[in-house]
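In the working numbering, the protein residues as written are 144 to 245.
Don't be surprised by glycine CBs; every beta carbon is placed ideally from N, CA and C.
See below for the structure under consideration.
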């Protein structure tokens, strides 16, 4: 997220609304591969919105200089990603297919 938000700023994007994520976006493919390593499940369409809003949160935080604060990412992840049902489902599916807790 951090990398893609910084890239958007470097490309001259100034508004969070200009950040649009699709299922074909590099960031979406990267995150889907991370959470759904072997493509065990079809990513839900709502995951695109989760990724887009999360990226926008990172973008705003970096643009406002909040990245200079310790643990600046923690609040974004807690609110946007880790509490989202879609992401929790993908993490659980990956965990189960990896053999669960050993």
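Cα-Cα, which of 219, 155, 152 is closest to residue 194?
Of all alpha-carbon atoms in 219, 155, 152, the one lying nearest the alpha-carbon of residue 194 is that of 219.
Buried or exposed by the 16-neighbour rule on C-beta atoms within 10 Å, applied to residue 207:
Exposed, because fewer than 16 other Cβ atoms sit within 10 Å of the Cβ of residue 207.
Pick from 205, 189, 182, 174: whose alpha carbon is nearest that of residue 152?
When only C-alpha atoms are compared, the closest one is 205.
On the CB-based measure, 16 or more other CB atoms within 10 Å of its CB, does residue 213 come out buried or exposed?
That one is exposed.
Where the alpha helix (DSSP H) containing residue 173 begins and where it ends:
169–178 is the span of the alpha helix (DSSP H), which, as asked, contains residue 173.
Cα-Cα separation between residue 176 and residue 216, rounded to whole angstroms:
Note on geometry: alpha-carbon atoms of residue 176 and residue 216 lie some 21 Å from one another.
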